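Visitor: I am attaching a structure below and will ask some questions about it afterwards.
Numbering (our numbering), first residue to last: 3 to 281.
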């Protein structure tokens with residue numbers, strides 16, 4: 003575990019990246035609480051072959067504005083990237099336009115030394131409403147695709163053709179209200195997006211693209227129960243798909259994994275990893 007500190011007593015939305023060196027980085031936003039002005043984006047490092055993470059270091063801390071969700075990704079050339087958002091609007095009141103997550107921009111920092119030092123911030127999109135959550139994937143044509151929640155209750159797909167140096171918004175996932183796409187490429191080149199529900203649907207959603215992420219089918223229900231909670235997914239080396247999610251439509255526990263042997267058309271194998279209280 004990466005231990006909390008007096009400066010960062012609360013943390014949320016952690017992400018992991020295994021570096022080419024064998025080290026593991028964990029990153030998340032932390033401070034006195036979600037959407038608090040002192041919330042920063044921090045990292046902890048676990049050296050290769052060791053079990054414990056070291057002390058926290060600060061990747062981004064915008065004065066008076068909270069950092070939000072972020073993702074970590076190491077490119078083919080070894081460049082490490084953090085894509086994240088900062089909230090610019092009101093931090094109190096009911097959720098909606100101009101409040102908290104609906105006011106996040108989309109920005110990026112890069113590192114050439116495995117996260118020891120970072121560049122100044124680069125703004126990908128200054129428009130409010132962008133919230134990343136799941137890592138980008140590299141598809142067969144070498145493009146990177148990144149799914150991002152957008153403030154209108156749908157998701158956006160960003161594409162990079164240069165290993166993450168530049169990004170362009172190319173697609174939208176509409177239909178049943180959704181966010182935080184976890185992207186998986188199938189053997190036929192189509193792309194499956196598994197989606198967090200954000201309209202009280204009680205199940206994970208999915209959408210499909212057959213043109214590299216530009217156009218998408220309308221978001222629809224899967225068989226997998228889910229509350230309003232984050233997910234992540236990965237394609238294993240043997241071709242199976244695995245999704246991590248909360249399988250209770252009313253609560254963020256248990257933590258469950260489901261396995262698909264037909265590239266996301268069905269999910270017959272399920273196992274609870276954590277069943278106790280918590281989220």
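Just so you know, even glycine gets a beta-carbon here, dropped at the ideal spot from N, CA and C.
All of these numbers come straight from a predicted model, not from anything done at the bench.
#1: Mind checking residue 267: buried by the 16 CB within 10 Å criterion, or exposed?
#2: So which of 54, 171, 240, 129 has the shortest CA-CA distance to residue 89?
#3: Could you pull out every residue in the same chain whose Cβ sits closer than 7 Å to the Cβ of residue 61, ignoring the five residues on either side in sequence?
#4: I'd like to confirm something about residue 188: is its beta-carbon nearer than 8 Å to some heavy atom of the ligand NAP, or not?
#5: Quick check on DSSP: helix, strand or coil for residue 160?
#6: Report the partner residues of residue 183 according to the DSSP bridge assignment.
#7: Touch check for the region 248-259 and the region 212-231: three-plus C-beta pairs under 8 Å?
#8: Taking 7 Å as the limit between beta carbons, can you name the residues of its chain near residue 152, skipping five residues before and five after?
#9: Taking 9 Å as the cut-off, decide whether the C-beta atoms of residue 256 and residue 238 are in contact.
#10: Counting Cβ pairs, one atom from each stretch, are 3 or more of them under 8 Å apart for the region 218-227 and the region 170-187?
#11: Between residue 143 and the rest of its own chain, which residues show a CB-CB distance below 7 Å, the 5 nearest in sequence each way excluded?
#12: Could you pull out every residue in the same chain whose Cβ sits closer than 8 Å to the Cβ of residue 23, ignoring the five residues on either side in sequence?
#13: Excluding the 5 residues flanking residue 25 on each side, which residues of the same chain have their C-beta closer than 8 Å to its C-beta?
Guide: In brief:
#1: Residue 267 is exposed by the Cβ-count criterion.
#2: The residue among 54, 171, 240, 129 with its C-alpha nearest the C-alpha of residue 89 is 129.
#3: Leaving aside the five residues that flank residue 61 on each side, the residues in its chain whose CB is nearer than 7 Å to its CB run, in chain order, 29, 43, 44, 45, 84, 111, 120.
#4: The ligand NAP is absent from the structure shown, which contains no ligand whatsoever.
#5: Three-state DSSP puts residue 160 in a strand.
#6: In the DSSP output, where bridge partners are listed per residue, residue 183 has none listed.
#7: Yes: the two stretches touch, three or more of their Cβ pairs being nearer than 8 Å.
#8: For residue 152, where only same-chain residues beyond five positions count, the Cβ hits under 7 Å are 131, 132, 158.
#9: Cβ atoms of residue 256 and residue 238: not closer than 9 Å.
#10: Flag = yes, the region 218-227 and the region 170-187 touch.
#11: Closer than 7 Å at Cβ, skipping near neighbours: 214.
#12: Shown here for residue 23: same chain residues with a beta carbon closer than 8 Å to its own, the five before and five after excluded, namely 50, 116 in chain order.
#13: For residue 25, where only same-chain residues beyond five positions count, the Cβ hits under 8 Å are 47, 48, 49, 50, 116.
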